Every structure is written in C-alpha cells, then in structure tokens.
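Heads up, the sequence shown is in this note's numbering, so the first residue is 108 and it goes up one at a time. Taking it in order: structure first as structure tokens, then the write-up.
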Amino acid sequence: MTQTIDIYCERIGSGFWAEPVNALTNLSFFIAATMVFLLARKRSVSTLDIDLLIILLLCIGIGSSLFHTFATPLAAAADVLPIMLFQITFLLSYSVRVMKLGIMKSMLLLLLFFFLIVLFGQFPQVWLNGSLAYFPALIVLLLFGISHVISQRPERWVLLGAALIFGLSLAFRSVDMSLCDRFGMGTHFIWHLLNGLCLYLCLRGLIISLHSLNVATIEVESKPNQK
C-alpha cells in the first residue's frame, strides 16, 4: 500500500513534493466549495443533498491533494471515491429535484450511468491516458445541459458551459504524458483548474434552479384562492 504511483508527467520522484503544481492546483476545489457554500446560503438553499455535495467537493480537493503528494494506492482510493460519490449524488439530486423525474426514473438513469462506466471500462486504460473513465460523466452532464436549455431554466446555458469546460479539461488530462517531452510540467494541473470551475458551475446550476423552484412554490402558495 506504500508503493508510489507514477502516472503523471510532473512527478519527478517518490517524495511528498514531487508534484508541486499538481498538488497546489487542487486549491481550485476548495475555492469552488467555498463559492458554492456562499451561493447556497445567499439563495437560502440549504438541504441535505446540497450540503453533501459541498462536503464531497471538499473531499475531492483533499483526496486529490493526498494522491498528488503521497501517490500511494490508498491515496488513489481517497482520490477517486469522492469523485464517484459526487457524480452519483449530483445525478440523483438534479434528476429528482430539478428535472422532476421521480425516484424510479432517476434510478434508471443512474443504472444507465453505471452501464456506461462498465462499457467504457472495457477499453484499455492507456487510451487517452485513462480519461475514458470520465466519459460517462461527460455524457450525463451533456444530457442535463441540453435539458437545462430546453426547459429554459435560470442561467439556461450554465450546465452546457460546464460540460464544455469538462470536455476541455479531459483533453488536457489526456495529453499530459504525450506532451511531457516538450512541456516538463505536464498539463494535468489544467485539469484541476478547469474541473474546479466545472464543478462550481454544476452546483451553481443546481442551486439556482432549486431557488427558482422554491420561489415559484412560495408565490403560488401566497396567492389568494380565486373563485
């Protein structure tokens, strides 16, 4: 469990500080979590799923920081587990509370997500530097983004913008090792920076939509009964 994992261009040894830029750019996740927390409080959207997503966003930053410093199998688990839990929680929260699909349809969507994970898992891990593992999340985010636009929800382009940024970040993640000879620092750190922005936009879209739904409900309930 103490074997050093060396899969990124920047890593120059087995020491704690062998990936300084990759480690430091995890600050983007902590900044994103702080901004989401402030937005949720400002819009009075404080529910269990939102609080859990903020905590998971913090855990993504912590787990990634551990992986890019200790680089052990245990640190790798701490890196990927919060990401998977975040994806599941966001998928269910958005589909149930914003899209109003209900529990059963949302669970079917989750099963489709798991199927895509298994499907893309059949391809060699070396393809695109392992980035194929994130394609299911990109597909679901694109679907949510299209729904967000068609439904004309507040800030209607925010999720498609997040999907575009996520796709761009995947491109930088994919070329990290192939550009290593020409760019010794690699490009994985850009993946961190763009993902912090992507996750902020995802949660912004969710929170703004929930706030809008709450306001609409209050307005309906406050109207006097019409005879």
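We put the CB at the ideal spot given by N, CA and C, even for glycine. No experiment lies behind these values; they were computed from the predicted model shown.
message: Val205 and Ser316 - do their beta-carbons sit closer together than 9 Å?
response: For Ser316 and Val205, yes; Cβs fall inside 9 Å.
- prompt: For the candidate residues Leu198, Ser258, Val247, Asp283, whose alpha-carbon lies nearest to that of Leu271?
  reply: With distances taken between CA atoms, Leu271 lies nearest to Val247 out of Leu198, Ser258, Val247, Asp283.
field: Spatial distance of Ile90 from His318 (CA atoms)
entry: Shown here, the chain extends from 108 to 334; a query on residue 90 therefore has no answer.
query: Span of the alpha helix (DSSP H) holding Ile157?
result: 155-174 is the extent of the alpha helix (DSSP H) around Ile157.
- request: To the nearest angstrom, report how far apart Cys287 and Ser153 are at their CA atoms.
  value: Cα to Cα, Cys287 sits roughly 44 Å from Ser153.
- prompt: Cα separation between Lys149 and Ile119?
  reply: The alpha-carbon atoms of Lys149 and Ile119 are separated by roughly 44 Å.
Cα-Cα separation, Gly122 to Thr176: Within the model, the alpha-carbon separation for Gly122 versus Thr176 is close to 8 Å.
message: Cutting at 8 Å between CB atoms, please list the residues of its own chain near Thr196, excluding the five before and the five after it.
response: Within the same chain, Thr196 has close Cβ partners Asp156, Leu159, Leu160, Leu163.
message: For Ile297, which residues in the same chain have their Cβ closer than 6 Å to its Cβ, ignoring the five residues on either side in sequence?
response: If we look at Ile297 and ignore the five residues flanking it on each side, its Cβ neighbours are Phe279.
- prompt: Leaving out five residues before and five after Pro243 in sequence, what residues of the same chain have Cβ atoms less than 7 Å from its Cβ?
  reply: Contacts found: Phe220, Leu223, Ile224, Phe227.
task: Counting only the same chain and skipping the five closest in sequence on each side, list residues whose C-beta sits under 7 Å from that of Thr294.
output: For Thr294, where only same-chain residues beyond five positions count, the Cβ hits under 7 Å are Phe279, Val282, Asp283, Leu286.
query: How would you label Gln229, buried or exposed, when you count the other beta carbons within 10 angstroms and need 16 or more for buried?
result: With fewer than 16 Cβ atoms within 10 Å of its Cβ, Gln229 is classed as exposed.
query: Are the beta-carbon atoms belonging to Gly303 and Ala183 less than 9 Å from one another?
result: Not in contact: Gly303 and Ala183 (Cβ atoms no closer than 9 Å).
Neighbourhood of Leu165 by C-beta distance below 8 Å, restricted to the same chain and skipping five residues each side: Excluding positions up to five away in sequence, the list reads Phe136, Phe137, Ala140.
Alpha-carbon spacing of Tyr307 relative to Met142, whole angstroms: Taking the straight line joining both Cα atoms gives about 8 Å.
message: For the alpha helix (DSSP H) containing Val256, name the first residue and the last one.
response: Val256 -> alpha helix (DSSP H) spans 242-257.
query: Does the beta carbon of Ile253 come closer than 9 Å to any beta carbon on chain B?
result: No chain B appears in the structure shown, which is made up of a single protein chain.
- prompt: Taking the alpha-carbon positions, what's the Gly237 to Val322 distance?
  reply: The alpha-carbon atoms of Gly237 and Val322 are separated by roughly 43 Å.
query: From Leu313 to Ser213, what does the alpha carbon distance come to, in whole angstroms?
result: CA-CA distance, Leu313 to Ser213, rounds to 15 Å.
message: Assuming Leu277 is part of the alpha helix (DSSP H), what are its boundary residues?
response: From DSSP, the alpha helix (DSSP H) with Leu277 extends over 265-281.
- prompt: Going by C-alpha distance, which of Pro127, Leu188, Ala240 is nearest Thr277?
  reply: Contrary to the premise, residue 277 reads as Leu rather than Thr in this sequence. Nearest C-alpha to Leu277 among Pro127, Leu188, Ala240: Ala240.
message: Distance check for Leu188 and Glu126, CA to CA, integer angstroms please.
response: Glu126 and Leu188: Cα-Cα distance of roughly 21 Å.
- prompt: With 16 as the cutoff for other CB atoms within 10 Å, does Ile257 come out buried or exposed?
  reply: Burial call: exposed.
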